[in-house]
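Novice: In case it helps, our numbering puts the sequence shown at residues 159 to 243.
Ideal Cβ placement from N, Cα and C applies to all residues, glycine included.
What you are looking at is a predicted structure, and each value in this text was computed from that prediction instead of being measured.
First the structure, which I've put down as structure tokens, then a few questions once you've had a look.
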Amino acid sequence: MGIFGDITLEDIRILFEHTGDKNTVNFRVYDRSPNGTVRSENFRDIPAAKFFKALAIAVHNDGTPEYQKDYSDAESIMGDIRWIP
Numbered sequence: 159m160g161i162f163g164d165i166t167l168e169d170i171r172i173l174f175e176h177t178g179d180k181n182t183v184n185f186r187v188y189d190r191s192p193n194g195t196v197r198s199e200n201f202r203d204i205p206a207a208k209f210f211k212a213l214a215i216a217v218h219n220d221g222t223p224e225y226q227k228d229y230s231d232a233e234s235i236m237g238d239i240r241w242i243p
């Protein structure tokens with residue numbers, strides 16, 4: 159069993175699939191610039207804990223209770239398109 163999601167944060171869109179058997183996440187990030195250009199990045203087999211820490215930080219944006227402890231894990235899965243503050 160897995161979890162699938164499609165989340166939009168301002169001009170960033172994140173599509174993800176959690177694979178329960180491996181406890182990893184595959185995701186794609188889209189960034190739409192003001193001129194309409196779309197960039198995207200693909201990530202495969204990211205540890206689920208790191209992905210969901212990054213997602214929690216991005217959604218709350220004001221810092222979760224574990225914000226400082228979780229930030230390095232969250233930042234470690236970022237590519238060129240940043241989606242955490």
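1) Taking the Cβ atom as the reference point for each residue, do residue 184 and residue 204 lie within a distance shorter than 9 Å?
2) Under a Cβ-count criterion, where at least 16 other Cβ atoms within 10 Å of its own Cβ denotes burial, should residue 187 be classed as buried or exposed?
3) Touch check for the segment 225 to 233 and the segment 170 to 183: three-plus C-beta pairs under 8 Å?
4) Classify residue 211 as buried or exposed, calling it buried when 16 or more other Cβ atoms lie within 10 Å of its own Cβ.
5) Return the chain-ordered list of same chain residues with a C-beta closer than 6 Å to the C-beta of residue 163, the five sequence neighbours on each side being excluded.
6) Closer than 7 Å by C-beta to residue 182: which residues in its own chain qualify, once you throw out the five before and the five after it? Chain order, please.
Specialist: Considering the structure as presented:
1) Against the sequence shown, residue 184 aligns to sequence position 26. Against the sequence shown, residue 204 aligns to sequence position 46. Yes.
2) Position 29 of the sequence shown, counting from 1, holds the residue named residue 187. Counting C-beta atoms within 10 angstroms of its own C-beta, residue 187 has 16 or more neighbours from the protein chains shown and is therefore classed as buried.
3) Touching, no, given that fewer than three Cβ pairs across the two stretches are closer than 8 Å.
4) As a working mapping, residue 211 is identified with position 53 in the sequence shown. It counts as buried.
5) The residue you call residue 163 lines up with position 5 of the sequence shown. Take residue 163, set aside five residues on each side of it, and the residues of its chain with a beta-carbon closer than 6 Å to its own are 174, in chain order.
6) Taking the sequence shown and counting its residues from 1, one reaches residue 182 at position 24. Here the set comprises 203, 204, 205 and 206.
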